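Q:
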Amino acid sequence: MFWRSVVGKLSLTILLLVAFVLFILSFFLMEFFENFHILEAEDDMLQTATKISSLVERGEDREFIEEMTELLKDPSSRIVIAYDENNLWTSSSSDRDLLQTDDDWIGASEEFTHVLNNQREIKKQIFLPDEDNEIMIVGSPIETGGAIFVYQSLDVIYQTKAQTSKLILLSAGIAIMLTTFFAVFLSTRVTSPLIKMREAAYNLTRGEFNTKVPVLTHDEIGELATEFNRMGRQLKFHINALRQEKEQLSSIVSSMADGVVTLNRNGDILVINPPAKKYIENWYFENDITEEKNRQLPTELNEALQEVFESEQAVIREISLQGRIYVMLMTPLYDQSYIRGAVAVIRDMTDERRLDKLRKDFIANVSHELRTPISMLQGYSEAIVDDIADTKEAKNELAQIIHEESLRMGRLVNELLDLARMEAGQIQLNLEKTEVESYAKRVVHKFRSLALDNAIELSLSLDIDVPDAIFDPDRIEQVFTNLIDNALRHTSEGGKVHVTIANRENELYVEIEDSGSGIPEEDLPFVFERFYKADKSRVRNKEKKGTGLGLSIVKHIIDAHHGVILAKSKLNQGTAFSFRIPQNKRPD
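For the sequence shown, the UniProt record's numbering gives the first residue as 1, with consecutive numbering after it.
1) Quick check: the Cα distance between VAL539 and ILE384, rounded to an integer number of angstroms?
2) Check whether the segment 168 to 179 touches the segment 78 to 92, counting contact only when three or more Cβ pairs, one atom from each stretch, lie closer than 8 Å.
3) For a test of the three-state rule: what should DSSP assign to HIS562, helix, strand or coil?
4) Which residue marks the beginning of the beta strand (DSSP E) containing residue 633, and which one marks its end?
5) Looking at C-alpha atoms only, which residue of SER569, LEU29, PHE285 is the closest neighbour of LYS161?
6) Which residue from ILE558, LYS166, LYS360 puts its Cα closest to that of PHE33?
7) Output the boundary residues of the beta strand (DSSP E) element that contains PHE149.
8) Ignore the nearest five residues each way along the sequence and tell me which others in ALA451's own chain have a CB closer than 8 Å to its CB.
9) Helix, strand or coil for MET197 per DSSP?
10) Count the other C-beta atoms from every protein chain shown that fall within 10 angstroms of the C-beta of LEU462, then say buried if there are 16 or more, exposed otherwise.
11) Would DSSP call ASN503 helix, strand or coil?
12) Residues bridged to TYR326 by DSSP?
13) With a 10 Å radius around its C-beta and 16 neighbouring C-beta atoms as the bar for buried, classify ASP351 as buried or exposed.
14) Got a sec? Which residues, its chain only, sit under 7 Å from SER537 by beta carbon, not counting five neighbours each side?
15) Could you tell me the distance, in whole angstroms, from the CA atom of THR575 to the CA atom of LEU524?
16) Please check the pair ALA183 and SER11, which I expect to be a contact at CB under 8 Å, by giving their CB distance rounded to whole angstroms.
17) Under 7 Å Cβ to Cβ from ILE319, same chain only, skipping five residues before and after it: list those, please.
18) Out of GLN400, ALA82, ASN506, which one is the CA nearest neighbour of ILE470?
19) Can you give the Cα-Cα distance for ALA243 and PHE528, rounded to whole angstroms?
20) Within 10 Å of its beta-carbon, does HIS561 have 16 or more other beta-carbons around it, so buried, or fewer, so exposed?
21) Straight-line CA distance for GLN478 to GLY323?
22) Starting from the Cα of ALA502, find the closest Cα among ILE142, MET177, PHE579, THR391 and give me that residue.
23) Can you tell me which of TRP283, LEU571, LEU508, GLY550 puts its alpha carbon nearest to the alpha carbon of ASN584?
24) Okay, do the segment 252 to 268 and the segment 331 to 343 touch, 3+ Cβ pairs below 8 Å being the bar?
25) Can you tell me where the alpha helix (DSSP H) holding PRO473 begins and where it ends?
26) If you compare alpha carbons, which of SER406, ILE346, ASP348, ASP356 is closest to ILE374?
27) Could you name the residues that DSSP lists as bridge partners for GLY259?
28) So is THR211 buried or exposed if we call it buried at 16+ other beta carbons inside 10 Å?
29) Between ASP472 and ILE565, is the Cβ-Cβ spacing less than 9 Å?
30) Would you report the Cα separation of GLU291 and PRO274, rounded to the nearest angstrom?
31) Please state whether the Cβ-Cβ distance between GLU66 and ILE81 is less than 9 Å.
32) DSSP three-state call for PHE577: helix, strand or coil?
33) Excluding the 5 residues flanking LEU154 on each side, which residues of the same chain have their C-beta closer than 7 Å to its C-beta?
34) Anyone know if the C-beta pair for GLY259 and ILE346 falls short of 9 Å?
35) Between VAL150 and LYS51, which are expected to be in contact by the criterion C-beta below 8 Å, what is the C-beta distance as a whole number of angstroms?
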């Protein structure tokens, strides 16, 4: 509403102030002019009475005196000349009320007696006898005797007063209208920059920091507009700085591999990055919480938060969730000395724990693999030294065992060295264009005699669309050797080992399938890890034990060729290993 605005309030204040001043001023002016008119009329009437009394005192002719009286008096007044108490002369008057008045009352009035006896002037306002007509009367004594009375109706004074009051009220009304106009004009001039500042402030709240207020004057309001524009520039600068800092912090938090969650004292999440969000979603999934309204802060986070508030120290928790291991470090956030919340860093330690376990298992497996041949070397060598083997044949047999175990230790060390180089990324591939059919037949032919000795059927199937393929022949032969040797060792007499090779334009596909003992389903995901060994009861040839590193080496070789190797197996039905090597880049 208009009256609630600054313009309305300021205009109304000025208008009321001016109206009050004009009211007081008009009241006193009307009172002043009313008294002024009465005094002026009394003075004029008294001067007329004095002039006539001077004529009477000089002894002028009565007819002359009466004619001069008619000329000197005001037409609306009436003059009574009292030559003595019984000799009165009354003039004419244009006032009809006075024409109807009987003037005998003057001789009988107290005013007449006072003027004649006390020889002093009178000025009074009285009502005519038996009438409501109020008159103003003055009396002036004559030194030679008698008195002059001049009176007239106050209606004339009142008419003059009414005219004066109208003029004063008209002037006051004009003044109020002018004041209203100038008050609104002045208020608008004063508040117009304020309205623009209000609009600019509203734009600032919406983020439009380029808004400027025009500087129209050089007074305090102009200085306020200048400072407002300066404030807008400073606000824009600081908001941009805060936005950049916030974006930088958000980018840092979002790019962190560890989960970060910031909580307030009520447990509400203030800041969260994708890894932490993934952890919380997994927690909801594991606890079968699907509805949004039932979702709450995970129990582990809530308990750690309460412990942080109680102890005012960092809290470390280890959490197992969905088969993964998380370590959470929660530290308090201070607002000066008051803890206003906490920040939790959640790290997925599954790979670290797995690597640590692999390191421990590696040491244990290497120790286990080396302990047996070393014990055998030590035992058989002591037998030779102590001459327990008394014949040459016995010594040769012991020496043969020592030789085989040393070769086994050599293979283990070489395979460990190869595996270490592969895992360090130091494997060197000599890629060559190789004719697939002749290469496959040569590799498989190496195992013909071993298959015949063990009564195992070894077969080869070729599906060649492109005659040659690109790979490292020596490394791929090592892959064939490990896979075929494993298949033969884990296949009983009368079993089958089938090798399938398909060479296409875009890939080389190889599958080696046996009808052996198979691999348990729970062990299948770990067959390509170091020192993995199947159940010893499933090894057909107890004298030919592997080191458990072959499949791990095979996987590294295939990975170096940017290929994929897979294993499928059913217990007591057989196992199939297959790998694919892409052929996207063929030389001309």
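All C-beta atoms, glycine included, are put in the ideal place defined by N, C-alpha and C.
Small disclaimer: the values here were computed from a predicted structure and weren't measured.
A: To lay it out plainly:
1) Confidence in VAL539 is poor, its pLDDT being 42 and thus under 50, which makes the residue's placement unreliable; the coordinate value appears in the next sentence. Those two C-alpha atoms are separated by around 31 Å.
2) Under the three-pair Cβ rule at 8 Å, the segment 168 to 179 does not count as touching the segment 78 to 92.
3) coil
4) For the chain, the structure presents residues 1 to 588; residue 633 sits outside this window and is missing.
5) Taking only the C-alpha atoms, the option nearest LYS161 is LEU29.
6) LYS166
7) 147 to 153
8) GLU457, LEU458, LEU488, VAL497
9) helix
10) By the Cβ-count criterion, LEU462 is exposed, with fewer than 16 other Cβ atoms from all chains shown falling within 10 Å of its own Cβ.
11) strand
12) ILE319, ASP348
13) exposed
14) Per-residue confidence for SER537 stands at a pLDDT of 40, beneath the threshold of 50, marking its modelled position as unreliable; no derived number is given.
15) Distance between the alpha carbons of THR575 and LEU524: 10 Å.
16) 4 Å
17) Non-local beta-carbon contacts of ILE319 in its own chain, meaning distances under 7 Å to residues more than five positions away in sequence, involve GLU300, TYR326, MET328 in chain order.
18) Nearest neighbour of ILE470 by Cα position, chosen from GLN400, ALA82, ASN506, turns out to be ASN506.
19) The identity of residue 243 in the sequence shown is Arg, whereas the question assumes Ala. Answer to the nearest angstrom: the Cα atoms are 50 Å apart.
20) So HIS561 counts as buried.
21) Taking the straight line joining both Cα atoms gives about 35 Å.
22) PHE579
23) LEU508
24) yes
25) 473 to 489
26) Residue SER406 is the option with its Cα nearest to ILE374.
27) ILE346
28) buried
29) no
30) 20 Å
31) In this structure, ILE81 lies closer than 9 Å to GLU66 by Cβ.
32) strand
33) GLN125, GLU134, ILE135, MET136
34) yes
35) By a beta-carbon distance limit of 8 Å, VAL150 does not contact LYS51. Their separation comes to about 10 Å.
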